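Novice: Using this note's numbering, the first residue of the sequence shown is number 966, and each one after it goes up by one.
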Amino acid sequence: MPIDPQTARLRAQVAAHARWAKETDRTAATAAAREAAERRWDRQVDPDGKLDPAERAKRAESALKAEMARLNLRRRMARRKAEGA
């Protein structure tokens, strides 16, 4: 039997809170994920690795900001649709 989204969300929250309650250094615990995300944006803007590192960093930051804005727009549109329904 499939789990409804609200139950799945609550289970995930319980697991996340339990995990972070045991963590002594949150920054160190998330370092690998942050580095992987940064590499992803670097590869997206400079797949051949030819850009100057400073330029690649600027472009990667812009790509990240564009993605966050895109997600924010989608969330806003979904809320408006839900309010109108």
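For every residue, glycine included, the Cβ atom is placed at its ideal position computed from N, Cα and C.
These numbers come from a predicted model, not from an experiment.
With 16 as the cutoff for other CB atoms within 10 Å, does residue 1060 come out buried or exposed?
Specialist: Lying before the first or after the last residue shown, residue 1060 is absent from the chain, which here runs from 966 to 1050.
Novice: Should residue 1025 be labelled buried (16 or more other beta-carbon atoms within 10 Å of its own) or exposed?
Specialist: Here residue 1025 corresponds to residue number 60 of the sequence shown, with the count starting at 1. By the 10 Å Cβ count, residue 1025 comes out buried.
Novice: Determine, using beta carbons only, whether residue 985 and residue 976 come nearer to each other than 8 Å.
Specialist: As a working note, residue 985 is residue 20 in the sequence shown. As a working note, residue 976 is residue 11 in the sequence shown. Not in contact: residue 985 and residue 976 (Cβ atoms no closer than 8 Å).
Novice: Could you tell me the alpha carbon to alpha carbon distance between residue 1048 and residue 1042, rounded to whole angstroms?
Specialist: As a first step, residue 1048 is located in the sequence shown; it is residue number 83 there, counting from the start. As a first step, residue 1042 is located in the sequence shown; it is residue number 77 there, counting from the start. Cα-Cα distance, rounded: 10 Å.
Novice: Quick one: which unbroken alpha helix (DSSP H) runs of 4-plus residues sit fully inside the stretch 1010-1049? Chain order, please.
Specialist: 1018-1049
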